[in-house]
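Okay, so here's the structure we're looking at.
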Amino acid sequence: FILRCGKALNERKAEVRIQYKDVPGDIFGGQTVRNELVIRVQPNESVYAKVMTKTPGMSFNLEETELDLTYKSRYKDARLPEAYERLILDVFVGSQMHFVRSDELAEAWRIFTPLLHKIESEKPKPIPYKYGSRGPKEADELSVKNNFLYTGKYKW
-17 FILRCGKALN ERKAEVRIQY KDVPGDIFGG QTVRNELVIR VQPNESVYAK
33 VMTKTPGMSF NLEETELDLT YKSRYKDARL PEAYERLILD VFVGSQMHFV
83 RSDELAEAWR IFTPLLHKIE SEKPKPIPYK YGSRGPKEAD ELSVKNNFLY
133 TGKYKW
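Numbering (the numbering used here), first residue to last: -17 to 138.
Structure representation (structure tokens):
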């Protein structure tokens, strides 16, 4: 998986993006892009599948479309609390459902402590990037190296 984060990027969002491999035997002459399942945590909570579809009719054209569950459009009359608003309410009513259990916390420390020790000992320098950009070019290079393709043309 790829974890991409930073400050002052071109977009403020938190999402899980699963990109499917290319379909073997491309009959569409390179017009296709990879299908993706996206789980957006914030802003605008949603789950959607970005898929390539053939346009209706006799043409052989493709377009990117989505199978969409955007909470704001699906649940128009529901009030969706902000993340911290939900947690504060949970504290008031004594619910621990949205909080980390002690065994989860111990496992997180087990996983990340070696990384924190490495950062402390090696003191790597942050890679600078332009304010309002997608981040450093090295992040895109790492994504490509790990077979994640960003086309940048799909707007959801």
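Ideal placement from N, C-alpha and C gives every residue a C-beta, glycine not left out.
- Within the DSSP bridge table, the entry for tyrosine 30 names Val20, Asp50 as partners.
- Boundaries for glutamate -3: no alpha helix (DSSP H) harbours it, while the beta strand (DSSP E) harbouring it runs -4 to 1, taken from the DSSP string.
- With contacts defined by Cβ atoms closer than 7 Å, phenylalanine 10 and leucine 44 form a contacting pair.
- Straight across, the Cα-Cα distance linking histidine 99 with isoleucine 93 is about 11 Å.
- For glutamate 45, the beta-bridge partners assigned by DSSP are Thr35.
- Of the candidates Lys112, Ile70, Met34, Asn26, Asn26 places its Cα closest to the Cα of tyrosine 53.
- Note on lysine -5: under 16 other CB atoms within 10 angstroms of its CB, so exposed under the neighbour-count rule.
- Pairing proline 110 with valine 73, the inter-Cα distance amounts to about 39 Å.
- Judged by DSSP in its simplified three-state form, glutamate 104 adopts helix.
- Short of 6 Å from the beta carbon of tyrosine 2, and not among the five residues preceding or following it, lie these beta carbons of its own chain, in chain order: Arg16, Asn17.
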